[in-house]
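Data first, discussion second: the structure below is written as structure tokens.
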Amino acid sequence: MHERSAASGTPDGSNVVALEAGFLVGLHWPHGSRYLVVRHQDGGIVASLDWPAGIAVKVREQSGHLLFHDAHGRLLDLQTDRSLTHAMSFLG
8 MHERSAASGT PDGSNVVALE AGFLVGLHWP HGSRYLVVRH QDGGIVASLD
58 WPAGIAVKVR EQSGHLLFHD AHGRLLDLQT DRSLTHAMSF LG
């Protein structure tokens, strides 16, 4: 995933999505969003993902994967058992 960026201070907004093995927590600033994948068992952060400002991210769970995508053609596949990622963009 990404190293910690300039996301600091109090976020302008947030959202939480329930996942099978935890939660996806979105923190939103004017300059971008940070999404955290959090485990149910201990509240540990499994992954941290930065996304461009003003672009809604959708998440879809598949067996062993979380797929993050948006309306601009970005797709990120997070393999949850190994924390591996594959990213691609579709231009159109």
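Everything in the sequence shown is counted per the numbering used here, starting at 8 for the first residue and increasing by one. Yeah, the Cβ is synthetic: ideal placement off N, Cα and C, and Gly gets one too. Everything numeric in this text was worked out from a predicted model, so none of it was measured.
What separation, rounded to the nearest whole angstrom, lies between the Cα atoms of residue i and residue j?
| i | j | result |
| --- | --- | --- |
| residue 92 | residue 38 | 23 Å |
| residue 40 | residue 65 | 13 Å |
| residue 26 | residue 85 | 14 Å |
| residue 72 | residue 63 | 19 Å |
| residue 55 | residue 17 | 17 Å |
| residue 28 | residue 89 | 14 Å |
| residue 50 | residue 43 | 11 Å |
| residue 22 | residue 58 | 14 Å |
Assign residue i to one of two classes, buried (16 or more other C-beta atoms within 10 Å of its C-beta) or exposed (fewer than that).
| i | result |
| --- | --- |
| residue 80 | exposed |
| residue 11 | Unreliable placement is indicated for residue 11, whose pLDDT of 42 sits below 50; no coordinate value is reported for it. |
| residue 31 | buried |
Specify the secondary structure class of residue i as computed by DSSP and reduced to three states.
| i | result |
| --- | --- |
| residue 50 | coil |
| residue 68 | strand |
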